[in-house]
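Undergrad: Sequences listed follow chains S and X, in order.
When we follow the numbering used here, the leftmost residue of the first sequence carries the number 131, and every step to the right adds one.
When we follow the numbering used here, the leftmost residue of the second sequence carries the number 131, and every step to the right adds one.
Glycine residues also receive a C-beta, built at the ideal position from the N, C-alpha and C atoms.
There are 2 protein chains.
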Amino acid sequence: MSNAYNRPDQLSPELRRRVLETARRLGYPGPDPVARSLRTRKAGAVGLLLTENLSYAFRDPAAVGVLEGLALACEDAGVGLHLVPASPGREDVAAVHRAGVDGFVVYSVPDDDPHLAAVMQRPVPTVIVDQPRIEGIDRVGPDDAAATTEIAQHIVSLGHRQVGVLCMRLARERNDDFVPPERQSSAHFHVQRIRLEALATAFSAAGVDWSTVPVVERFDHTVDDGASAARQLLDAHPQVTALICTSDILALGAMAEASRRGLRVPADLTVTGFDGIAEAERAGLTTVHQPVLEKGKAAGKLLLGSADRLAPKIITLKTELRVGSTSGPPRTIEQPWFGP
Amino acid sequence: MSNAYNRPDQLSPELRRRVLETARRLGYPGPDPVARSLRTRKAGAVGLLLTENLSYAFRDPAAVGVLEGLALACEDAGVGLHLVPASPGREDVAAVHRAGVDGFVVYSVPDDDPHLAAVMQRPVPTVIVDQPRIEGIDRVGPDDAAATTEIAQHIVSLGHRQVGVLCMRLARERNDDFVPPERQSSAHFHVQRIRLEALATAFSAAGVDWSTVPVVERFDHTVDDGASAARQLLDAHPQVTALICTSDILALGAMAEASRRGLRVPADLTVTGFDGIAEAERAGLTTVHQPVLEKGKAAGKLLLGSADRLAPKIITLKTELRVGSTSGPPRTIEQPWFGP
DNA sequence: AATGCGTTCTGAACCGTTACGGTTTGCTCA
DNA sequence: TGAGCAAACCGTAACGGTTCAGAACGCATT
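1) Are residue 318(S) and residue 240(S) close, meaning C-beta to C-beta below 7 Å?
2) In three-state terms, what does DSSP make of residue 439(X)?
3) Suppose only complete runs of 3+ residues qualify. What are the beta strand (DSSP E) ranges in the stretch 389-443 of chain X, listed by chain order?
4) Taking 7 Å as the CB-CB limit, is residue 203(S) close to chain X?
5) Which residues in the same chain have their Cβ closer than 6 Å to the Cβ of residue 292(S), if we skip the five residues on either side of it in sequence?
6) Taking only the alpha-carbon atoms, compute the straight-line gap between residue 323(S) and residue 263(X) and give it to the nearest angstrom.
7) So which residues on chain S does residue 251(X) lean against when the C-beta distance must stay under 8 Å?
8) Go through its chain and collect everything with a Cβ distance to residue 266(X)'s Cβ below 8 Å, but skip five positions before and after it.
9) In whole angstroms, what is the alpha-carbon distance linking residue 469(S) and residue 295(S)?
10) At the level of alpha carbons, what is the spacing between residue 467(X) and residue 287(X)?
11) In chain order, what residues of the same chain have a beta carbon less than 8 Å from the beta carbon of residue 382(X), not counting five sequence neighbours either side?
12) Determine which residues share a DSSP beta bridge with residue 298(S) and list them.
13) Taking buried to mean at least 16 other C-beta atoms within 10 Å of its own C-beta, is residue 173(X) buried or exposed?
14) Listed in chain order, which residues of the stretch 354-380 of chain S have Cβ atoms closer than 8 Å to some Cβ of chain X?
15) Is the beta carbon of residue 179(S) less than 7 Å from the beta carbon of residue 164(X)?
16) Could you tell me how far apart the beta carbons of residue 386(S) and residue 401(S) are, in whole angstroms, since I believe they sit closer than 8 Å?
17) Quick one: give me the first and last residue of the beta strand (DSSP E) that residue 452(S) is part of.
18) Quick one: is residue 225(X) buried, meaning 16 or more other Cβ sit within 10 Å of its Cβ, or exposed?
19) Quick test of your reading: residue 378(X) and residue 405(X), contact by CB under 8 Å. State the CB separation rounded to the nearest angstrom.
20) Which residues does DSSP list as the beta-bridge partners of residue 375(X)?
21) What residue from 450(S), 227(S), 436(S) has the CA that sits closest to residue 212(S)'s CA?
22) May I have the straight-line CA-CA distance separating residue 347(X) from residue 299(X), to the nearest angstrom?
23) Is residue 237(S) helix, strand or coil by DSSP?
24) Does DSSP classify residue 173(S) as helix, strand or coil?
25) With a cut-off of 8 Å, do at least 3 Cβ pairs link the stretch 142-149 of chain X to the stretch 200-215 of chain S?
26) In chain order, what residues of the same chain lie with their CB nearer than 8 Å to the CB of residue 457(X), ignoring the 5 residues before and after it?
27) In whole angstroms, give me the CA-to-CA distance for residue 248(X) and residue 223(X).
28) Using only alpha-carbon positions, find the residue among 350(X), 257(X), 184(X), 421(X) that is nearest to residue 304(X).
29) Just how far apart, CA to CA, sit residue 129(X) and residue 270(X)?
30) Just verifying my parser: in three-state terms, what is the DSSP assignment at residue 156(X)?
31) What three-state label does DSSP hand residue 445(S) in the structure shown?
32) If the criterion is Cβ atoms closer than 7 Å, does the pair residue 253(X) and residue 255(S) meet it?
33) Under the assumption that residue 176(S) contacts residue 235(S) (Cβ atoms under 8 Å), give the Cβ distance between them as a whole number of angstroms.
34) Please list, in chain order, the chain X residues whose beta carbon lies closer than 8 Å to that of residue 215(S).
35) Which of the three DSSP states is assigned to residue 226(X) in this structure?
36) Mind reading off the beta-carbon distance from residue 426(X) to residue 199(X)? Whole number of angstroms is fine, and I expect it under 8 Å.
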């Protein structure tokens, strides 16, 4: 039976024909994939865990890039891609347990997420993209600290000393507001924490007191949120000359807000992003480009090829600072009352 | 064992504790999802078949909307979404057979696709989104003929008689060129065929000889392809006053090409789209809006709730003609040599 | 003490497939 | 004619759960 379908060489064409013919007559729909999976111990699918409304996942070009790369790798290997439902609010981990997959790719998840814990319990290989970084688990992502340092030094070298930061979600609890120092250092979203730390280090080295640098956080990740974050920051700190954003999406929002206020970029305000999405490129945004498609592809290949590997593998992706037309020297502050 | 995990009420807390304790000591990773699926005959996932490079699927906002809606429905039901690898070129149908899913959603597939045939052979419920329309199978989608007729009548009533059409892929074989009549009527992509037929009918009724109307096809579905299609059409038929596109993406490309040529929209050229994606809305495109998110959601709900339903269900979505700033009366043709 | 009843616990059957190894068949060659 | 051997065929045992029937047990009632 099985042979007739999967191993034509094991039986004569005549028998095969007969078997298939009667199978058809009996209305046999072909081998059951689940039973096959049980027997062969291969599910033929990789699971993708991302704790995020799928809505946002699909809307964020960087996330789409990763997804696309992963899908490409799966396609090559002929395995399916199983999206595990795990929206931020949901504590129900059953979906992770239920998923019939040969491995998991974890993307953009806070390090204290229960879904992550559930994944780690499953006896299948796991690859983490970007975050969180966990000891002994395969990981693919850029060197966020180095890349962020590069961008910070670019800003510093232009002469900026009054800067502000727009960042993405730092923890599972929503905080659409300024970020106190302890929340920065205890952020559960690893990538954001690393980037903030790198900024702190770089600016401190340049003589800027980091505790005076305003950092505004947004839970959701849309251009509009970037704009509102910029508004909140600039309302409270109109003296800042550069807005460093931890993503291009936020940066695009910041630019929209700048133009709304009549601020010229970069003459009045420098804006930088992170990721290097196409839209940012078109807008001439100064940003750090990272190869998102490659990231997803690498994750898929790593996972699919991870059979009987001993040491965990870490893949660090190349990033590149791309200086666009949104960064320049700070405006000279007119101080007429101190004038000659 | 099983009870300890899934039916705590069936045994004493003491025994449950002991069972779980020894399970942990033995390093038991929890019930195997595949074995469970085999026994319960529920895979806990729905398959999504779309014969398209995932790349394009993710790039097309209309497709993303459908995907998102479907993901939402899956999330609600706590089931996974299994993306079946099936790029256009690939004849390998094994992935469909291998997928451990409780049902399939088929989206944007030509009616002669082998993957579709494979899906139909599987003894699980299937829902088709948009196309192809198949007798006896659940379907969710708009009334393409009616919506297209509406837009055609809009164009006609504005006074246009010299029109051109830009359409998406009509068959599995690539044809980035003008479309002869027989290819139009035999198109394997049902939605495109219906729309072309509706246009033919509407314009014929308005006294336009459809066989003289140029139709240009593009295999890939990007803004750039829309632009190149418009270029090809306008180069050969500079007299057309309206470009009807079967998708917003193509229409956006057409507008880009119009501006490249120095044609004012709508003064010199009317452009219309189809879908009502956000980007089109922003551009003020005259288009037919369809609720893509609802479409995906409806498909998911239909599939998940299709147990023991007898008659196939057809859900027809509301569409709405949205007249924007890209359609207007045709330019008056200057014919100096026939002047008074 | 025997009976009845309700709860907790145990064991075996079953889900549909593939892997494995043993048996049959058919052929060649001494 | 029969040994030797390869190809073709077939039967059976897992894979790891869930389910369900019935055994064992504890307690109250007759």
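TA: Let me lay it out:
1) yes
2) coil
3) For the stretch 389-443 of chain X, whole beta strand (DSSP E) runs of length 3 or above, ordered along the chain, are 400-402, 417-419.
4) Among the CB atoms of chain X, none fall inside 7 Å of the CB of residue 203(S).
5) Leaving aside the five residues that flank residue 292(S) on each side, the residues in its chain whose CB is nearer than 6 Å to its CB run, in chain order, 369, 370, 371.
6) C-alpha separation (whole angstroms): 50 Å.
7) 159, 160
8) 442
9) Note that residue 469(S) has pLDDT 37, beneath the 50 cutoff, so the model's placement of it is unreliable and the number below is only indicative. So the two alpha carbons sit approximately 31 Å from each other.
10) Because residue 467(X) carries a pLDDT of 44, less than 50, the predicted location of this residue cannot be relied on, and the following value inherits that uncertainty. Taken atom to atom, the span from the alpha-carbon of residue 467(X) to that of residue 287(X) is near 28 Å.
11) 353, 356, 403, 409, 410, 413, 415
12) 348(S)
13) buried
14) none
15) no
16) Not a contact, Cβ separation roughly 10 Å.
17) Following the DSSP letters along the chain, one finds residue 452(S) inside the beta strand (DSSP E) bounded by residues 450-452.
18) buried
19) So it is a contact: roughly 5 Å between Cβ atoms.
20) 296(X)
21) 227(S)
22) Roughly 6 Å between the two C-alpha positions.
23) If DSSP states are grouped into helix, strand and coil, residue 237(S) belongs with the strands.
24) coil
25) no
26) Within the same chain, Cβ atoms closer than 8 Å to the Cβ of residue 457(X) are found at 284, 285, 288, 372, 396, 400, 401, 402, 416, the five residues on either side in sequence being excluded.
27) Each residue's Cα considered, the two are about 7 Å apart.
28) 350(X)
29) Because chain X is modelled from 131 through 470, residue 129(X) falls outside the range shown and cannot be assessed.
30) coil
31) In this structure, DSSP gives residue 445(S) an extended state, which the three-state scheme calls strand.
32) no
33) 6 Å
34) 201, 204, 205, 208, 209, 210, 211
35) helix
36) 3 Å
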